[in-house]
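I have placed the structure first, in the form of structure tokens, so that the comments after it can refer back to it.
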Amino acid sequence: MEGPQFARTKRRFSGVAGLLWPLLVACLWAAVVGYKPVIIVHGLFDSSEDFNNLKRFINESHPGTNVTVIDLFDRGASLEPMWKQVAGFKAAIYPIMQNAADGVHFICYSQGGLVCRGILSTLPDHNVHSFISLSAPQAGQYGDTDYLKYLFPQFLKANLYHLCYTAIGQRVSICNYWNDPHHRDLYVNSSDYLALINSERPNPNSTEWKENFLKIQKLVLIGGPDDGVITPWQSSQFGFYDDNETVIEIQHQDLYLKDVFGLKTLAARGDLIFCSFAGVQHISWHSNETVFNTCIEKWLV
């Protein structure tokens, strides 16, 4: 016969078991299903060591996740031409993809967001599920920022086209996506990178590149009005200036309306996600835990 002490012990055990059961189920689920590997691509003047906070956020929220920050084109080497960076990052990332039967996730920051677009467009057998573009100049860059003053102290945004839209200028990464709204024809005809991946000028690979890009499951576009570097900040979500420097949002951009590389298709599928976040400066996006919890964590499954 059970005594009072035994009954109390049994109730306590049942209560503890009730609390632990959901945790046990979650652990078993993670062990069986696992989390997809996460690949992080850094931006201009960054290196892999700048992303320790982001790695920690991922490991705390999704224990056991294999997180790789690609250690290539660090610091000054990030000024190398974009196609050269795409080739280098692609070679480093492809083996990770091949070893991930269930696919991988991309988190690509700043200039790295454009590197990742080049990879996704030109790699026919990629297996990227979520492509998280973290404050990246997806529609281009046009602004007198500290970066510009450091790189080209003798130029303001209004006259940088004199350099960027030359063969010499196109050897510098930032010129590969410099988008001067007052010299649209020069940009379209001279940009060796952004104008091509945006299919803004005839490109024999455009149909194939669109098919490759649309293999992603989600495109998450993160940016905000206090960024201070990406100009206009809406470029992080494919908005950009017209020739009056009025921002035209993504839904009214030709590259969306004509679905030139798949944005409208993604939206129709429900796979185009926007996360706008105020109060975050450019260098802080990848170390801001609230941004991670709000805009990133849910897509790393």
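Numbering (our numbering), first residue to last: 957 to 1257.
All C-beta atoms, glycine included, are put in the ideal place defined by N, C-alpha and C.
Closest Cα partner of residue i within the set the options
i	options	result
residue 1012	1255, 1254, 1251 and 1244	1244
residue 1101	1116, 1087, 1089 and 1095	1116
residue 1123	1148, 1156 and 1138	1148
residue 1241	1091, 1142, 1168 and 1133	1091
residue 1083	1053, 1130 and 1073	1053
residue 1232	1213, 1141, 1218 and 1183	1183
residue 1239	1062, 1066, 1119 and 1008	1066
residue 1088	1094, 1062 and 1097	1062
residue 1196	1098, 1172, 1146 and 1225	1098
residue 1154	1224, 1178 and 1078	1078
residue 1222	1009, 1173 and 1128	1173
residue 1179	1039, 1080 and 1252	1252
residue 1025	1049, 1093 and 1164	1049
residue 1250	1119, 1176 and 1198	1176
residue 1038	1031, 1132, 1007 and 1157	1132
Which of helix, strand or coil DSSP assigns to residue i
i	result
residue 1257	coil
residue 948	Outside the displayed span of the chain (957 to 1257) sits residue 948, for which this structure offers no information.
residue 1121	coil
residue 1196	strand
residue 1211	helix
residue 1078	helix
residue 1066	coil
residue 1236	coil
residue 1230	strand
residue 1097	strand
residue 994	strand
residue 1185	coil
residue 1011	helix
residue 1172	coil
residue 1060	strand
residue 1177	strand
residue 1128	coil
Host beta strand (DSSP E) of residue i (start-end)
i	result
residue 1251	Looking at the DSSP string, residue 1251 is not in any beta strand (DSSP E), and its letter there is neither H nor E.
residue 1218	Unbroken run through residue 1218: none, as it is neither H nor E.
residue 1113	Residue 1113 -> no beta strand (DSSP E), and no H or E assigned at all.
C-alpha distance - residue i paired with residue j, whole-angstrom precision
i	j	result
residue 1023	residue 1075	18 Å
residue 1254	residue 1230	13 Å
residue 1033	residue 999	11 Å
residue 1112	residue 1161	34 Å
residue 985	residue 1167	With a pLDDT of 46 at residue 985, under the threshold of 50, the modelled position of this residue cannot be trusted, and the question is left open.
residue 1141	residue 1047	33 Å
residue 1220	residue 1139	26 Å
residue 1035	residue 1001	8 Å
residue 1237	residue 1170	30 Å
residue 988	residue 1020	Summary for residue 988: the model assigns pLDDT 43, below 50, so the residue's position carries little reliability, and this model does not support an answer.
residue 1114	residue 996	33 Å
residue 1016	residue 1004	19 Å
residue 1216	residue 1227	16 Å
residue 1059	residue 1211	28 Å
residue 1045	residue 1029	9 Å
residue 1121	residue 1194	21 Å
residue 1137	residue 1096	10 Å
residue 1069	residue 1085	15 Å
residue 1159	residue 1064	25 Å
residue 1246	residue 1043	33 Å
residue 1145	residue 990	46 Å
residue 1157	residue 1189	24 Å
residue 1234	residue 1181	6 Å
Residue burial classification, residue i (beta-carbon count within 10 angstroms, cutoff 16)
i	result
residue 1201	exposed
residue 1187	buried
residue 1106	exposed
residue 1073	buried
residue 992	buried
residue 1205	exposed
residue 1257	exposed
residue 1258	Any answer about residue 1258 is impossible in this case: the structure gives the chain only from 957 up to 1257.
residue 1207	exposed
residue 1151	buried
residue 1164	exposed
Where the alpha helix (DSSP H) containing residue i begins and where it ends
i	result
residue 1153	1150-1153
residue 1144	1140-1146
residue 1042	1038-1054
residue 1026	Neither: residue 1026 is in no alpha helix (DSSP H) and is coded neither H nor E.
residue 1135	It is not in any alpha helix (DSSP H) - residue 1135 carries neither H nor E in the DSSP assignment.
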